[in-house]
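K.L.:
In case it helps, the working numbering puts the sequence shown at residues 1439 to 1641.
The structure is given below, and queries will be raised subsequently.
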Amino acid sequence: MSQQQSPWFARPADLWSVVIVGAVAVVWNLIVLTRGVARLLPNREVDVTVLLSGVELDLPIGPGGTAVAAQVASADVPVSDLPVFVHALALGAVVVVPIATIAITLLVLALCRNLIAGRFFSSTATHIITAISLVIAGAWLLQLGCAVMTSNWALAQMADPAVADAAGRPFSSTPILVSMAVGALAAVFKAGERMQRDTEGLV
């Protein structure tokens, strides 16, 4: 019977370090999630993020508080009595990231558990890494959609039409690139799984 050798990235001490950091990350994101929901649930004077990329505003940041033309990517504005659908969108924009972070952390911990147990290139590991890639991409799309629609509603309600028309929609390719990189890692694990089966078949 062939004996598996731990990859360089799967040393027990390193994996247990990941477990500890992951547990801290889960607790912290639970706190962030709870605070975000508690802040928005009353629907009274809640801060809604409006996206203002490309809008030039006069901010009192000059000497003696004089106004200076500046551009800001976003701003939080207090809003009350959001419609049910918009309120749900605002909640989604706040909760998606911590929930996704907790899910990804738990998936990483499950992967570490497999690695600690010596199950390196297995179908379970491949499925976990694939799930991480999908969660990253899905959470990014969902959070962006909720944030943009909430911002559009808030701007339509309170902003000058010229400001609302000039406000751009932020786009970052980083989450997609990260999702692709994790997907590529899943493909590597899949290839390793196939090579391991072929090697065991020769022994």
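Glycine residues also receive a C-beta, built at the ideal position from the N, C-alpha and C atoms.
What distance in whole Å lies between the Cβ atoms of Asn1552 and Thr1562, which are believed to be in contact at a cut-off of 8 Å?
P.N.:
One-based indexing of the sequence shown puts residue 1562 at position 124. One-based indexing of the sequence shown puts residue 1552 at position 114. That pair is a contact at about 6 Å.
K.L.:
Consider the C-beta atom of Leu1549 and the heavy atoms of the ligand FMN; say whether any pair is separated by less than 7 Å.
P.N.:
What this structure holds is no ligand at all, so the ligand FMN is not there to describe.
K.L.:
Considering only their Cβ atoms, is the gap separating Ala1528 from Val1486 smaller than 8 Å?
P.N.:
In the sequence shown, residue 1486 corresponds to position 48, counting from 1. In the sequence shown, residue 1528 corresponds to position 90, counting from 1. Contact flag set, yes.
K.L.:
Quick check: what's the CA-CA separation for Ala1594 versus Val1546?
P.N.:
Along the sequence shown, one-based indexing puts residue 1594 at 156. Along the sequence shown, one-based indexing puts residue 1546 at 108. One C-alpha to the other measures close to 41 Å.
K.L.:
Please go through the same chain and pick out, in chain order, the residues whose beta-carbon is closer than 6 Å to the beta-carbon of Val1510, but skip the five residues on each side of it.
P.N.:
In the sequence shown, the residue the question calls residue 1510 occupies position 72. Around Val1510: Leu1490.
K.L.:
Given a cut-off of 8 Å on the beta-carbon distance, is the pair Asn1481 and Thr1539 in contact?
P.N.:
Here residue 1481 refers to the residue found at position 43 when the sequence shown is read from its first residue. Here residue 1539 refers to the residue found at position 101 when the sequence shown is read from its first residue. Not closer than 8 Å, so no.
K.L.:
By the 10 Å Cβ neighbour count, where 16 or more other Cβ atoms means buried, how is Trp1578 classified, buried or exposed?
P.N.:
By 1-based counting over the sequence shown, the position of residue 1578 is 140. Buried: at least 16 other Cβ atoms inside 10 Å.
K.L.:
Measure the Cβ-Cβ separation of Ser1610 and Ser1571 and say whether it is below 8 Å.
P.N.:
As a working note, residue 1610 is residue 172 in the sequence shown. As a working note, residue 1571 is residue 133 in the sequence shown. No.
K.L.:
Assuming Ile1542 and Ile1574 are in contact, meaning their beta carbons sit under 8 Å apart, how far apart are those beta carbons, in whole angstroms?
P.N.:
Locating residue 1542 in the sequence shown gives position 104, counting from the first residue. Locating residue 1574 in the sequence shown gives position 136, counting from the first residue. Right, their Cβ atoms sit about 7 Å apart.
K.L.:
Using CA atoms only, rank isn't needed, just tell me which of Val1532, Leu1549, Ala1625 is closest to Val1456.
P.N.:
What you label residue 1456 is simply residue 18 of the sequence shown in a count that begins at 1. For the residues Val1532, Leu1549, Ala1625, the minimum Cα distance to Val1456 belongs to Leu1549.
K.L.:
Short of 7 Å in beta carbon distance, which residues of its chain neighbour Ala1507, apart from the five on each side in sequence? Order them along the chain.
P.N.:
Within the sequence shown, numbered from 1, the residue matching residue 1507 stands at position 69. Within the same chain, Ala1507 has close Cβ partners Glu1494, Asp1496.
K.L.:
Can you check DSSP and say which residues form a bridge with Leu1497?
P.N.:
The residue given as residue 1497 occupies position 59 in the sequence shown. In DSSP, Leu1497 forms a bridge with Val1506.
K.L.:
Whole angstroms is fine: what's the gap from Ser1560's alpha carbon to Ala1531's?
P.N.:
Taking the sequence shown and counting its residues from 1, the one referred to as residue 1560 is at position 122. Taking the sequence shown and counting its residues from 1, the one referred to as residue 1531 is at position 93. If I take the Cα positions, the gap works out to 35 Å.
K.L.:
DSSP on Pro1516, reduced to helix/strand/coil?
P.N.:
Here residue 1516 refers to the residue found at position 78 of the sequence shown. Pro1516: strand per DSSP, three-state reduction.
K.L.:
In terms of residue numbering, what span does the alpha helix (DSSP H) encompassing Ser1571 cover?
P.N.:
Taking the first residue of the sequence shown as 1, we reach residue 1571 at position 133. Start and end: 1561–1596.
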